Amino acid sequence: MDVAYPLLVVGTADRQVLVYDLNNPTAVFRTIASPLKWQTRVVSCFPTGKGFGMGSIEGRVAMQYVDEKEASNNFSFRCHRQDQGLSKNNTHIFPVNDISFHPVYGTFSTAGGDGVISFWDGDSKTRLKSLDAAGGPISCTAFNKNGSLFAYAVSYEWSKGHTGMTANHPNKIMLHQTKDEEVKRRPRK
1 MDVAYPLLVV GTADRQVLVY DLNNPTAVFR TIASPLKWQT RVVSCFPTGK
51 GFGMGSIEGR VAMQYVDEKE ASNNFSFRCH RQDQGLSKNN THIFPVNDIS
101 FHPVYGTFST AGGDGVISFW DGDSKTRLKS LDAAGGPISC TAFNKNGSLF
151 AYAVSYEWSK GHTGMTANHP NKIMLHQTKD EEVKRRPRK
């Protein structure tokens, strides 16, 4: 669940997305079937309140606009995957645990169970930068008010159940000072 007034978005266990207009909070504004095939892990509203991003356990992200007139701008993509050999069928897929939008530039980050954080430009549909793996899954992220700092938590996120939790698993909060070339949209060619 996330909110960017007047938008409130809730992802449900049955792969539905409930969209509320907080000007009329007692009624569901729209119900949308998730564009992702597997369980929703995160829902994050665009800072403008015009749409939202979703991440799933299958290592996919979808960007959805609330206004049906902008539906042609909806898209999804794969991320947080590691090739394990020469065969393309041998890929390790990690959940997308969090999506955070940059408050100034409108770009966004994804954080995964692979311990990798990537910054993306949704307009040009390109990855701007990936940070080195953090040594454990990234469970949540956030930009500060002006986007100059990026905080993230390295901790077990239960994607492998209780057997995946080990005594030596890292639990830490990290800060990354962002650079414009990491988070600012690049001009179109």
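Residues 1 to 189 in UniProt numbering are what the sequence shown lists, from first letter to last.
We treat Cβ as the ideally placed atom computed from N, Cα and C, and that holds for glycine.
Predicted, not measured: the structure shown is a model, and the values here were computed from it.
### Task
Would you grab the beta carbon distance between F101 and P170 for me? Rounded to a whole angstrom, and I think it's under 8 angstroms.
For a cut-off of 8 angstroms, the C-beta gap from F101 to P170 is around 26 angstroms, too long to register as a contact.
### C-alpha distance - Q84 paired with K125, whole-angstrom precision
Linking Q84 to K125 through their CA atoms gives a straight-line distance of about 25 angstroms.
### Query
Mapping DSSP to helix, strand and coil, what is A71?
Looking at A71 - three-state DSSP - the assignment turns out to be helix.
### Query
Whose CA, out of D121, L128, V154, N144, lies closest to the CA of G135?
For the residues D121, L128, V154, N144, the minimum Cα distance to G135 belongs to V154.
### Residues near G55 by beta carbon distance below 6 angstroms, same chain, minus five either side
Hits under 6 angstroms: R41, V42, V61, V96, I99.
### DSSP beta-bridge partners of S44
Answer is G53.
### Message
Taking a contact to mean a Cβ-Cβ separation below 7 angstroms, would you say L18 touches T31 in this structure?
### Response
Yes; because the gap between Cβ atoms is below 7 angstroms, this pair is in contact.
### Query
How would you write the range of the beta strand (DSSP E) that S3 sits in, first residue to last?
According to the sequence as given, residue 3 is Val; it is not Ser. V3 -> beta strand (DSSP E) spans 2-4.
### Message
My output table needs one value for T12: the three-state DSSP class, helix, strand or coil.
### Response
In the three-state scheme derived from DSSP, where H, G and I count as helix and E and B as strand, T12 is classed as coil.
#### Entry: Alpha-carbon to alpha-carbon, A133 and I117
Their Cα atoms are separated by approximately 7 angstroms.
### Nearest-angstrom Cβ-Cβ length linking G53 and R81, presumed shorter than 8 angstroms
With a Cβ gap of about 18 angstroms, G53 and R81 do not count as contacting.
### Assigned exposure category for S44 - 16 Cβ within 10 Å defines buried
Around the beta carbon of S44, a 10 Å sphere encloses 16 or more other beta carbons of the protein chains shown; the residue is thus reported as buried.
### Task
Could you spell out the range, first to last residue, of the beta strand (DSSP E) harbouring V183?
In this chain, V183 is not harboured by any beta strand (DSSP E); it is covered by the alpha helix (DSSP H) spanning 180-183.
#### Entry: Beta-carbon proximity check, M165 vs Y156, cutoff 7 angstroms
Yes, Cβ-Cβ distance for M165 and Y156 is below 7 angstroms.
### Task
Determine the direct distance from the alpha carbon of D2 to that of V10, and round the result to whole angstroms.
Looking at the two C-alpha atoms, the distance is approximately 7 angstroms.
### Message
Which residue marks the beginning of the beta strand (DSSP E) containing F143, and which one marks its end?
### Response
Annotation for F143: the continuous beta strand (DSSP E) segment containing it runs 138-143.
### Task
Use the C-beta contact count for G161: other C-beta atoms within 10 angstroms, 16 or more gives buried, fewer gives exposed.
Around the beta-carbon of G161, fewer than 16 other beta-carbon atoms lie within 10 Å, marking it exposed.
### Task
Take L131 and list the residues in its own chain whose beta-carbon comes closer than 6 angstroms to its own, dropping the five residues that flank it on each side.
The answer, listed in chain order, is I117.
### Task
Look up F150 in the DSSP assignment and give the residues it is bridged to.
F150 pairs with F143, H176.
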